[in-house]
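Report on one structure; see the data block that follows.
Residue numbers (UniProt numbering): 1 to 678.
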């Protein structure tokens, strides 16, 4: 299309054939109103300073206009038009088999935001999993697309893992309109204290579809630690969560030297272990738990020793970095082993004051919890009370208050802001109801991205993409100035990876969840751009509509107030058992599922157990767009100030490399009171 302000329905003109007559043309504004934004259009994310630019449109747009899929009165998806007559099994009206298998659900024309790119596409879902990403069509009336344009590579280290394809919709297909909306993968929260059932509603209503953690209810052990201890409790919690439409992974208690007990918890169904200082986080315990993790293929999550009772940061590091010696200097010969470090900044727990230095270790998989994200004028104040309640402290005891104060350091919280923007902290999580908010993991992620954009400007990767585009557009008058300004695509891809694909990779479940890719569970979230990151328009779990913005149930249409997130049919009856799964260690699922004969009945749950992929090969290098290892990172043990080597900014007024990270307290954030009454 030579004129970026004009969009032509029908096939794009072939070179040398001339332009269509003006009567067939649509302006970009008209096209967007009909089908949603297309290639090189930009979308603002809610009230943040972040903008996305569509890099490719597989569902229509400049390259493939004329066959866009829309449902409704007078629209395209009708018999003998956009909808094929083929049955779900691919048979035509005469019973003859064909090569096509219509999908169960199509999401039309959605703007997909994932770690691999920003593209507009139709999404096909079949049997609860993503079947195709590309272009929906009717082979009886439409031509296949044989060459799809691909998203901008930019600075990405690898090609997008999605190959766009054509797929068929038929009489068995339901339609969800994604036009004008943003589609993301469901969130993966790896730090959930299972304290009360209401957490699940809050998680789903925020766009989170996979919960990994532990707990048994509001017991002191669970309000402090994400642990479901022992086979009896593990079975009871799986039973309790069986009716909720979320994927579940439980963490067993790793704080023991008894390998038999550790293995018993794996056999009972946990997908990993949690070591917590409240149960004991000595180097010996870490080493023993990692031995079992290596044998069984599961992950170890660590809340390290804040009090430095059993050693300092160096002692803990020696337990998993593979220097070949234990804390006493004795040679062990063990290799470096990966560890998922919870709240690596330290306010949530971990060696004071230098826990954050672990982000420079290549076998550390670092995560944040959301109460420190981003650093605001209120962050420090609220942490004292949270600490007292969650860790069973007595405010009248001086030693207890000293324990709390040692973990609250605005200097390391400020460094956490910057490390996220650098891609040095790879994940976000909630720490639900135990110094964190389960419904705010996604929101706090995007608030942090906004704060860093406003403070330091566009990322260098986004600037490099613009430079490349300017070079390509040199001498091309059709490229408007707006298209040659920086977008925030790379920053958005980096931040969304923190709560989708990276936690999935860390826990070995990325074959099933974490990104918008064929073959994975259709755990998908649709957002209106004006509510992005705050209130999902619709949440699909295993391909089934599970949570959505719905109005008064006694109204004549589904939109009258109160219009709010509500559970829908994927949340009720026996649906959760079919649209969600439980994750367990490699080789364990078959036993827990049973063989259906009665001789090996399994646990008798509605949800299937699914084996994870071994996590023992995962390192920071596997973290998508968040694999940065700082040149250096030091915490001053007297002042707690942080210096980061290799930190850069596109704002030439600010020097970060080797400089003390400034304590910048934000007074206002987006995605906040503008969207909520309370």
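For every residue, glycine included, the Cβ atom is placed at its ideal position computed from N, Cα and C.
Under the three-state reduction of DSSP, residue 382 is assigned to helix. DSSP places residue 94 in the coil class of the three-state scheme, outside both helix and strand. Comparing alpha carbon positions, the residue from 36, 72, 188 closest to residue 212 is 188.
The three-state secondary structure of residue 428, taken from DSSP, is strand.
A straight line joining the alpha-carbon of residue 531 with that of residue 46 spans about 5 Å. In chain order, 194, 195, 196 place their CB closer than 8 Å to the CB of residue 217, counting only its own chain and leaving out the 5 sequence neighbours on each side. For residue 193, the enclosing beta strand (DSSP E) covers residues 187-193. Boundaries of the beta strand (DSSP E) harbouring residue 274: 272-276, taken from the DSSP string. Secondary structure at residue 366: strand, using DSSP grouped into helix, strand and coil. Shown here, residue 499 sits in coil according to DSSP, grouped into three states, outside any helix or strand. Taking 8 Å as the cut-off, the beta carbon of residue 354 is found no closer than this to the beta carbon of residue 321. Counting of Cβ neighbours within 10 angstroms places residue 71 among the buried residues, the total reaching 16 or more. No Cβ-Cβ contact shorter than 8 Å links residue 312 with residue 191. For residue 527, the uninterrupted beta strand (DSSP E) run begins and ends at 524-527, by DSSP. Around the Cβ of residue 556, a 10 Å sphere holds fewer than 16 other Cβ atoms; the residue is exposed. When C-beta atoms of the segment 158-167 are compared with those of the segment 501-513, fewer than three pairs fall below 8 Å, so the two segments do not count as touching. Restricting attention to 120, 414, 99, 102, the CA atom closest to the CA of residue 109 is found in 120. For residue 137, the beta-bridge partners assigned by DSSP are 168. For the set 55, 568, 536, the Cα lying nearest the Cα of residue 42 is the one of 55. Taking C-alpha positions only, residue 118 is separated from residue 393 by approximately 47 Å. A distance below 8 Å between beta-carbons, with the five flanking residues on each side excluded, links residue 363 to the following residues of its chain, in chain order: 320, 321, 322, 336, 337, 338, 339, 619, 620. For residue 422 and residue 77, the gap between their C-alpha atoms comes out near 45 Å. With respect to residue 234, residue 225 sits apart: the two C-beta atoms are not nearer than 8 Å. Within the same chain, Cβ atoms closer than 7 Å to the Cβ of residue 391 are found at 224, 278, the five residues on either side in sequence being excluded. Leaving aside the five residues that flank residue 593 on each side, the residues in its chain whose CB is nearer than 7 Å to its CB run, in chain order, 602, 608, 609. Of 126, 359, 199, the smallest CA-CA separation from residue 523 is found for 126. Cβ atoms of residue 642 and residue 492 stay farther apart than 8 Å, at about 26 Å. Within the same chain, 384, 387, 388, 393 come within 7 Å of residue 404 by CB-CB distance, once the 5 residues on both sides are set aside.
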